[in-house]
DNA sequence: CGGAATCCGAGTCGATACTG
DNA sequence: CAGTATCGACTCGGATTCCG
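Printed below as a string of structure tokens:
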């Protein structure tokens, strides 16, 4: 059992690899809000995360996009922002109950996508071939 | 009991009101593809539909947008296009098995949204008030 | 560290007009 | 009927720069 190291509840470190290079999530036909929203929600599922902590698994996201998505999620009531005082600046984002609820259907959608991944890819390739490749 | 009137299987007329003026679908936090995609999929759930038939419940959609969404859905393998010969031109769109499968998670997402509709609205209003209304 | 401001290109959406 | 072509308004997301 890993021991709590920050005084709070157990904090599982964010897995930098939780979204592999060919991560399905951004390609999933279901999207919540903008491009990064679903990814962010999933990053938050195990507890509050700091801004810079979120940037790691969200490979390639810019500060601007992260900030934007976060503010949008906050505005829509899926995420709450908490600012802590101290020597170093610390801001944390966490799911609201509403945001947590969203994970349900989101997971269902992700699972469906995973199950039909090959079909989705095949169908897309077939569609692209028929549309862009005028016969060879 | 309504009788089949076109020789094909029973064709339930598309309910022009299936999306009421405050239809949740476009506002649902889950989106598939572009703005109209989910709506189109749902329009197709009871069988093939003609182009102009689709325009009715999709109040306000332009031919261009419908055509675009349809082509995208076709390219991604969710919809098939069929052209029939005859005196009058007739083109029909139908769900593929893949597209039909999509209805599962889509329905789940829609139901979740309906269940949490009030919370979603409240949260959004609260968020907007805090962001755009600097106190009055 | 946690952003905000600015610039910019790409994609989307609707309105309008035209076509086979 | 079933589209396509074009245009302008707007939004999205990335890169870059600057700030407390």
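Chains as they are written, first to last, in UniProt numbering: chain A, 1 to 136; chain B, 1 to 136.
For each residue, glycine too, the CB sits at the ideal point set by N, CA and C.
Predicted, not measured: the structure shown is a model, and the values here were computed from it.
Item, Value
"Taking residue 16 of chain A as the reference, give the member of A:55, A:38 and A:34 with the closest Cα.", "A:55"
"Check each candidate in B:107, B:60, B:93 and B:88 and name the one with the smallest Cα separation from residue 73 of chain B.", "B:93"
"Could you check whether the stretch 103-113 of chain A touches the stretch 101-119 of chain B, counting it as contact only if at least three pairs of C-beta atoms, one from each stretch, sit closer than 8 Å?", "yes"
"Under 7 Å, do residue 58 of chain B and residue 78 of chain B count as touching if we go by C-beta distance?", "no"
"Compare the Cα-Cα distances from residue 65 of chain B to each of B:116, B:40 and B:95 and report the closest residue.", "B:40"
"Check whether chain A comes within 7 Å of residue 118 of chain B, counting only Cβ atoms and requiring the distance to be less than that.", "no"
"If you run the structure through DSSP and keep just helix, strand and coil, what is residue 5 of chain A?", "Summary for residue 5 of chain A: the model assigns pLDDT 45, below 50, so the residue's position carries little reliability; its value from the coordinates is reported in the next sentence. Coil."
"Return the residue from the list A:19, A:67 and A:125 that minimises the CA-CA distance to residue 34 of chain A.", "A:67"
"By the three-class DSSP mapping on this structure, what secondary structure does residue 11 of chain A have?", "coil"
"State the beta-bridge partners of residue 94 of chain B as determined by DSSP.", "B:80"
"Between residue 15 of chain A and chain B, is there a C-beta pair that is closer than 7 Å?", "no"
"When you compare only the Cα positions, how much space is there between residue 37 of chain A and residue 63 of chain B?", "30 Å"
"According to a CB-to-CB cut-off of less than 7 Å, which residues of the stretch 69-91 of chain A neighbour chain B?", "74, 75, 76 and 77"
"Does chain B have any CB closer than 7 Å to the CB of residue 58 of chain A?", "no"
"With 16 other CB atoms within 10 Å as the buried threshold, where does residue 61 of chain B fall?", "buried"
"Give a yes or no on whether the minimum CB-CB distance between residue 112 of chain A and chain B is below 7 Å.", "yes"
"Answer yes or no: the CB of residue 110 of chain B versus the heavy atoms of the ligand COA, is any distance below 6 Å?", "In the structure on display, the ligand COA does not appear, and there are no ligands present to speak of."
"For a contact meaning CB atoms closer than 7 Å, what does residue 108 of chain A contact in chain B?", "105 and 108"
"Who are the near neighbours of residue 46 of chain A in its chain, counting only those whose CB is closer than 6 Å to its CB and skipping five residues on each side?", "12"
"Let me make sure I understand the geometry here. Which of A:95, A:71 and A:125 has the alpha-carbon closest to that of residue 42 of chain A?", "A:95"
"Is it buried or exposed for residue 126 of chain A, if we count other Cβ within 10 angstroms and need 16 for buried?", "exposed"
"What are the partner residues of residue 140 of chain B, as DSSP defines its beta bridges?", "Outside the modelled stretch of chain B, which goes from 1 to 136, sits residue 140 of chain B, for which no answer is possible."
"Note down the Cα distance separating residue 29 of chain A from residue 31 of chain B, rounded to an integer number of angstroms.", "8 Å"
"Have a look at the DSSP bridge pairing and note the partners of residue 75 of chain B.", "For residue 75 of chain B, which the question treats as bridged, DSSP gives no partner whatsoever."
"Grab me the residues of residue 14 of chain A's own chain with a C-beta within less than 7 Å of its C-beta, minus the 5 sequence neighbours each way, in chain order.", "43, 49, 53, 56 and 57"
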